[in-house]
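Read in order, the letters of the sequence shown are residues 0 to 239 in numbering that gives the first Met the number 0.
Note that beta-carbon positions come from the ideal geometry of N, C-alpha and C, so glycine has one too.
Fair warning: this is a prediction, and the values are worked out from it, not measured in the lab.
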Amino acid sequence: MHAIELRDPAAFGNEFLRLTLLQGFQSLTKRDLELLIFVLLERDGAIGRGEGNAAVAARLRVTPAKVKALRRDGYARWRALVHEENADAMRRILSTVLTEVNLRAGVRHVSAASRKDGFLAIRVEHPDDAQRFEQAILDVDALPVYERNREVVAVRFDTLLKLGETWGWLQPDPQPVVRELKKLAPAAEEVADLLKKDVGKLRWEDARNALNSLGAKAIASTAEGGLKGLLKIVFPFIPG
């Protein structure tokens, strides 16, 4: 556990003073001030958006439930203070949640039957990030599924493919995908079928279907290494 240290104390102080005086001195309630301080700490980076609730709680000497409430209510109250484009936010969220540690933790919160159906357990602790992630799933005409824990959402691999396509991270060109799949799973039946096709007649749907099939199989078998490689094809920016 490390102490909280501001990266830009001057910017933090100036923004805090501006907002506390904006509507008149002492016009903000104690709760408003708590939420403002917390959101400014996250905006500064002194507290990371990707840090777990328990880790932040230990640094602030409060309970994880308190941190979750600060995050939920803080962004509801002071959302305008955090300027982040949707594409940047999604890239940050996915980079945070699609780590091997997070995926491994999420497996405990989704049933074996769901995994067999290609559902991947993704753990999103930050309530504001969870809301953005849920909306992104809804935007591609899918539904977030919860089983045992509201911080863990079960998402089909095919839905992740739709997210990658919608946000422009997975380009509809079969050749690069086939090359990556050949390196990642050279012995897979799906890859062999792709390589039998005439290069000039290879369609994006062929590559996409193969990628989806391999992703569903990797989830069902809990093969983390192979799954991570497939996810990197869909989201090239996630950590290696």
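| query | result |
| --- | --- |
| Cα-Cα separation between Leu-104 and Thr-158, rounded to whole angstroms | Position check: residue 104 holds Ala in this sequence, whereas Leu was assumed. Their backbone Cα atoms lie some 20 Å apart in a straight line. |
| Coil, strand or helix - Arg-154 by DSSP | Note that residue 154 is Val in the sequence shown, not Arg. Correct three-state label for Val-154: strand. |
| Residues near Ser-94 by beta carbon distance below 7 Å, same chain, minus five either side | Phe-236, Ile-237, Pro-238 |
| Distance, Phe-11 Cα to Leu-201 Cα | 54 Å |
| Buried versus exposed, by CB contacts within 10 Å (16 or more), Ala-191 | exposed |
| Residue span of the alpha helix (DSSP H) that contains Phe-15, given as start and end | 8–21 |
| Counted within 10 angstroms of its Cβ, other Cβ atoms place His-125 as buried (16 or more) or exposed | buried |
| Assigned exposure category for Lys-216 - 16 Cβ within 10 Å defines buried | buried |
| Cross-strand partners of Val-144 (DSSP beta bridge) | Ala-153 |
| Residues bridged to Ala-120 [DSSP beta-bridge criterion] | Ala-153 |
| Three-way DSSP call (helix, strand, coil) for Gly-51 in this model | coil |
| Ser-212 (DSSP reduced to helix, strand or coil) | helix |
| Val-109 versus Ile-218 - alpha carbon distance | 11 Å |
| Ile-3 to Gly-51 span [Cα, whole Å] | 15 Å |
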